Amino acid sequence: MFLSFPTTGGRGPRLSRRAFTLLEMMLVMALVAMLASLIVPGIRNFYKGEKLMAATDGVRAAAAQARLHAIDEGIPYRLSVVPGRGNYRAAPDTSEAWNQGAQGEYPTIEGVVPPDIALRVQSQGQSISVDSDEESAVSFELGDVPEDAWSVVAVFRPDGTADRTVEIICSTAHSLPLSITLRGLTGTTSVRRLGPGATPQQGAP
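See the structure below:
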């Protein structure tokens with residue numbers, strides 16, 4: 000008895016292969032776009048938060064060095080910023096030390112915060128603006144700040160105190176600002192994040 004089997008013409012068994020349909024590809028692309036819309040804003044906010052922290056670190060370091068130089072040198076030291084921009088500077092509290100391009104015998108500290116961040120000074124009794132949509136101006140190059148552009152934050156005395164209590168606001172567009180509180184009684188600083196309706200902290204002058 001002979002048995003016959005169907006032949007495949009020398010070819011192996013044919014495997015079924017299903018291609019992606021246009022609808023499936025559109026669904027995948029929509030899912031990717033949705034995930035990106037959720038993740039990207041978080042990454043941007045994280046990056047903005049890191050830049051704000053870097054800005055506060057730089058300004059606080061300048062304030063600490065100004066206080067230390069005031070104590071070590073036995074002379075008042077002035078901390079100033081350019082309002083609405085990112086420049087800050089600490090130098091002896093003399094007109095000579097604040098002349099543009101002047102080189103004095105005492106140390107000076109000058110810096111600029113990361114791009115798109117503005118510095119503002121708020122004294123006690125003033126309201127703090129937390130407009131997150133406010134755009135900052137471009138900072139001056141180091142060493143090129145006009146003399147009349149500086150605004151005094153505080154003056155550190157040789158005993159380590161400062162002549163006033165103020166808040167330095169570090170702000171950037173579409174993000175809640177950070178506030179550096181400089182306390183006159185101790186000459187030290189602290190940082191807090193501002194929210195809508197925030198007001199300056201009360202403290203010793």
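Its first residue numbered 0, the sequence shown is counted upward by one per residue in numbering that gives the first Met the number 0.
Glycine is no exception: its CB is placed at the ideal position from the N, C-alpha and C atoms.
Quantities reported herein were computed from a predicted structural model and do not represent experimental measurements.
Partner residues in the beta bridge of R192, as assigned by DSSP, are L177. For L78, the uninterrupted beta strand (DSSP E) segment begins and ends at 76–80.
Rounded to whole angstroms, the gap between the alpha carbons of G83 and T187 is 23 Å. Non-local C-beta neighbours of V151 in its own chain, meaning closer than 7 Å and more than five positions away in sequence, comprise R77, S79, ordered along the chain.
Taking I70 as reference, the option from C169, L22, V154 with the minimal CA-CA separation is V154.
With respect to the C-alpha of L181, the residue from R163, E72, M24 having the closest C-alpha is R163.
In this structure L21 is exposed. Its beta-carbon is surrounded by fewer than 16 other beta-carbon atoms within 10 angstroms.
It is roughly 12 Å from the alpha-carbon of P106 to the alpha-carbon of A61. When rounded, the separation of the alpha-carbon atoms in P145 and I108 is 16 Å. In the assembly as shown, D143 is an exposed residue. Its beta-carbon has fewer than 16 other beta-carbons within 10 Å. The continuous stretches of beta strand (DSSP E) do not include L141, and DSSP gives it neither H nor E. A172 and S189 have their alpha carbons spaced roughly 22 Å apart. For Y105, no beta strand (DSSP E) run applies, since DSSP gives it neither H nor E. Here I74 has P91 as same chain residues with Cβ atoms under 6 Å from its own Cβ, once five neighbours each way along the sequence are excluded.
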